[in-house]
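Residues in the sequence shown are numbered consecutively from 46, following the numbering used here.
Quick reminder that beta carbons are idealized off the backbone N, C-alpha and C, glycines included.
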Amino acid sequence: MSPAKKAFRWVFGICLGLGVLLGLVKIVAPDAASVTWNGQEMTGIGALLVGGGLGAVFGLIFGAIIAGIVWLATRGSARR
Numbered sequence: 046m047s048p049a050k051k052a053f054r055w056v057f058g059i060c061l062g063l064g065v066l067l068g069l070v071k072i073v074a075p076d077a078a079s080v081t082w083n084g085q086e087m088t089g090i091g092a093l094l095v096g097g098g099l100g101a102v103f104g105l106i107f108g109a110i111i112a113g114i115v116w117l118a119t120r121g122s123a124r125r
């Protein structure tokens, strides 16, 4: 697996994990975290889905950026 793919998977996994963790915290201790969607406070499974979905979206965005940077930085070393 190329370094860019590894970087993408790591960043995506971390962002997705943080989003799901936010949703789980909202389920376990509702006053400890705030999950809102369109101005409405989310509770229960909705908070888990919103947190995971936002984590996945940010993971895709930041993962693509980091993977592009890693690809640019390592493209010369792969040809040698």
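### Query
Three-state secondary structure (DSSP) at T81?
What you label residue 81 is simply residue 36 of the sequence shown in a count that begins at 1. Residue state, collapsed to three classes: strand.
### Task
Out of I110, S79, L117 and R120, point me to the one whose CA is closest to F57's CA.
Position 12 of the sequence shown, counted from the first residue, corresponds to residue 57. Considering only alpha carbons, the answer is I110.
Considering G58, what are the terminal residues of the alpha helix (DSSP H) in which it resides?
Within the sequence shown, numbered from 1, the residue matching residue 58 stands at position 13. Run containing G58: P48 to V73, per the alpha helix (DSSP H) assignment.
Q.
Rounded to the nearest angstrom, what separates V73 and W55 at their Cα positions?
A. To locate residue 73, count along the sequence shown from 1; it is residue 28. To locate residue 55, count along the sequence shown from 1; it is residue 10. About 26 Å.
Contact check, A112 vs L61, beta carbons under 8 Å: As a working mapping, residue 112 is identified with position 67 in the sequence shown. As a working mapping, residue 61 is identified with position 16 in the sequence shown. At a Cβ-Cβ threshold of 8 Å, A112 and L61 do not count as neighbours.
Original post:
If we call anything under 8 Å between Cβ atoms a contact, is A52 one with V95?
Top reply: As a first step, residue 52 must be located in the sequence shown, where it is residue number 7. As a first step, residue 95 must be located in the sequence shown, where it is residue number 50. No, the Cβ-Cβ distance between A52 and V95 is not below 8 Å.
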